[in-house]
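Just so we're aligned: the sequence shown equals residues 4 to 301 in this note's numbering. A virtual CB, placed ideally from N, CA and C, is assigned to each residue, including glycine. Quantities reported herein were computed from a predicted structural model and do not represent experimental measurements.
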Amino acid sequence: MSRAKAGGKYVHAFFHAGWSSWSRDIEADVYGDKAVMEFLSEDFVNLRIDVENQSARSALNGDVQDAPVVWILDPEASPKDRLLVQIGQYCLAPDFISRLKRVKPEHERLKKARVAFSERREDPAVCVELGLAALNFDRMGEAEPCLEFALRCQADRSSPVALDAMWGLAVINSGNRPRESRVMLDRLLIADSGNRGGRADNALLLKLRLTTDLSTAEVRSALQNIVERYPGTDGAFEAMFLLAASFANRDGEFAMARHWLERLAKETPDGVWAPRVKLALGVLERNEQGAAAGERKR
Numbered sequence: 004m005s006r007a008k009a010g011g012k013y014v015h016a017f018f019h020a021g022w023s024s025w026s027r028d029i030e031a032d033v034y035g036d037k038a039v040m041e042f043l044s045e046d047f048v049n050l051r052i053d054v055e056n057q058s059a060r061s062a063l064n065g066d067v068q069d070a071p072v073v074w075i076l077d078p079e080a081s082p083k084d085r086l087l088v089q090i091g092q093y094c095l096a097p098d099f100i101s102r103l104k105r106v107k108p109e110h111e112r113l114k115k116a117r118v119a120f121s122e123r124r125e126d127p128a129v130c131v132e133l134g135l136a137a138l139n140f141d142r143m144g145e146a147e148p149c150l151e152f153a154l155r156c157q158a159d160r161s162s163p164v165a166l167d168a169m170w171g172l173a174v175i176n177s178g179n180r181p182r183e184s185r186v187m188l189d190r191l192l193i194a195d196s197g198n199r200g201g202r203a204d205n206a207l208l209l210k211l212r213l214t215t216d217l218s219t220a221e222v223r224s225a226l227q228n229i230v231e232r233y234p235g236t237d238g239a240f241e242a243m244f245l246l247a248a249s250f251a252n253r254d255g256e257f258a259m260a261r262h263w264l265e266r267l268a269k270e271t272p273d274g275v276w277a278p279r280v281k282l283a284l285g286v287l288e289r290n291e292q293g294a295a296a297g298e299r300k301r
């Protein structure tokens, strides 16, 4: 912590466990990626700790759970406030780098928002800014009251402040209160029907994620609707990637997976999607080769 603080860096801690398939996969696919390791060596003080080492875990922020996980910590904060990012699900190496690259600018945004809130806590725009900034680090207890206050102050539900507040509250509720999240998303979609506020594409995508009783065909149709309805948006790009994934593991449907990945590559030649698409095309090629080999054996 002292070394990170002195160097103006964050602490990256990987709690690994040999018995965990998630831990082994992250070790191979993320930490085995040269670009990931180069990035970590430049911007973080890095720790690799056995998950059984409870004393080290407790010393970092007081947490004594025994599950493997990746933590990003703020060395300048008190132990209970140090944890900024927690990664406990599998992700691709490009997504891992993308998330960690956002830590510093998002943390700076959070600190500035807190200062502004301390000075103008009755300002709805200030409240929604703090709410969204806190939400980036899953600080729901800090985010939710700010967003609720900002929304209550907005008579015009199509205003940028209202749309941002509704989006933030929908994201918060999507974890443990999916019904409330869907209600908020419906309100947002009505208020931002033309996507002029830039929230409708992601709102429709989140609503689809919360709908669990759809067939594969219905999910694909809904994703295609997002692509066609909101071209050129983040939601449309994410929908293309999900469409490709829905075809990528099914023999006989590989051509459709390739179609969506190549379309996504064409529409997003640079930025965060390029490495994800490149990696996904590699996985698809291996799936195609495996299916062809299986067919020859038969």
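1) With a threshold of 16 other CB atoms inside 10 Å of the CB of ASN176, please say whether the residue is buried or exposed.
2) Which term fits LYS115, buried or exposed, when burial requires 16 or more other beta carbons within 10 angstroms of its beta carbon?
3) Does the distance from the CB of ILE75 to the CB of LEU113 come in under 8 Å?
4) Go ahead and label ALA247 buried or exposed: buried means 16 or more other beta carbons lie within 10 angstroms of its beta carbon, across all protein chains shown.
5) Shortest alpha-carbon distance to GLU79 belongs to which of TYR93, LEU63, VAL280?
6) Please say whether LEU188 and LEU209 have beta carbons closer to each other than 8 Å?
7) For ALA31, which option in ARG85, ALA96, GLY91, ALA70 has the closest C-alpha, if you only look at C-alpha atoms?
8) Do the CB positions of PHE240 and LEU211 come within less than 8 Å of each other?
9) Taking GLU291 as the reference, which of ARG117, PHE17, LEU213, ARG261 has the closest Cα?
10) Which word fits SER184, buried or exposed, when buried means at least 16 other C-beta atoms lie within 10 angstroms of its C-beta?
11) Judging by CA-CA distance, which residue of PHE257, PRO148, GLN92 is the nearest neighbour of SER23?
12) With DSSP collapsed to three states, give me the class of ARG105.
13) Tell me the residue span of the beta strand (DSSP E) that contains ASP53.
14) Which of the three DSSP states, helix, strand or coil, is assigned to PHE120?
15) Assuming ALA194 contacts ARG155 under a Cβ cut-off of 8 Å, what Cβ separation, rounded to an integer in Å, is found between them?
16) Under the assumption that HIS19 contacts ASP53 (Cβ atoms under 8 Å), give the Cβ distance between them as a whole number of angstroms.
17) How far does the beta strand (DSSP E) with ASP257 in it extend, from its first residue to its last?
18) What do you get for ARG51, buried or exposed, if any count of 16 or more other CB atoms within 10 angstroms of its CB means buried?
19) DSSP three-state label for GLN89, please.
20) Mind pulling the alpha helix (DSSP H) runs of 4 or more residues that sit fully within the stretch 162-239?
21) VAL118: buried (16+ other C-beta within 10 angstroms of its C-beta) or exposed?
22) Please state if the CB of ALA168 and the CB of ALA158 are separated by a distance shorter than 8 Å.
Concretely, from the data shown:
1) buried
2) exposed
3) no
4) buried
5) LEU63
6) yes
7) ALA96
8) no
9) ARG261
10) buried
11) GLN92
12) coil
13) 47-53
14) helix
15) Not really, about 15 Å apart at Cβ, beyond 8 Å.
16) 7 Å
17) Reading off the sequence, residue 257 comes out as Phe, not Asp. That residue, PHE257, is in no beta strand (DSSP E); its alpha helix (DSSP H) goes 257-270.
18) exposed
19) strand
20) 163-179, 181-194, 203-212, 219-232
21) exposed
22) no
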